[in-house]
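Here is the structure we will look at, set down as structure tokens.
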Amino acid sequence: IGKLTGMPIPITSLRQWILGLPGDATDYKLDGQYRLSEVNYSQNGKNWHVVYGGYDSNTKPALPTSLELTEGGQRIKLKMDNWIVK
231 IGKLTGMPIP ITSLRQWILG LPGDATDYKL DGQYRLSEVN YSQNGKNWHV VYGGYDSNTK
291 PALPTSLELT EGGQRIKLKM DNWIVK
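Mapping of the sequence shown onto this note's numbering: residues 231 to 316, in sequence order.
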């Protein structure tokens with residue numbers, strides 16, 4: 231992903247964020263249903279801000295439908311059209 235976007239995205243954390251988990255982040259906000267709404271994470275001098283755009287209530291547990299990662303002046307948006315839970 232880093233080569234594609236030019237952004238040094240913390241892959242281990244990204245795996246957690248995509249699932250709606252804070253990973254190693256200690257600074258995060260929850261919505262009214264106790265799901266992540268925002269995450270702030272620092273690694274190697276980079277400050278990442280993740281905003282969740284919504285959750286798929288048809289999955290159990292509810293999984294994110296979109297998130298936006300921002301670091302410095304760069305931004306990347308991820309959208310999940312559907313989830314297959316195994």
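Positions of the beta carbon are idealized from the N, C-alpha and C atoms, including for glycine.
What does DSSP give as the partner residues of residue i in its beta bridges?
i	result
isoleucine 306	Leu299
tyrosine 285	Pro294
glutamine 273	Lys276
leucine 266	Leu260
What's the C-alpha gap between residue i and residue j?
i	j	result
glycine 250	glycine 236	24 angstroms
proline 240	isoleucine 314	24 angstroms
Hey, residue i and residue j: beta-carbon distance below 8 angstroms or not?
i	j	result
isoleucine 248	proline 291	no
asparagine 277	glutamate 298	no
aspartate 257	asparagine 270	yes
glycine 284	serine 272	no
glycine 253	glutamine 246	yes
Which of the three DSSP states, helix, strand or coil, is assigned to residue i?
i	result
leucine 260	strand
leucine 251	coil
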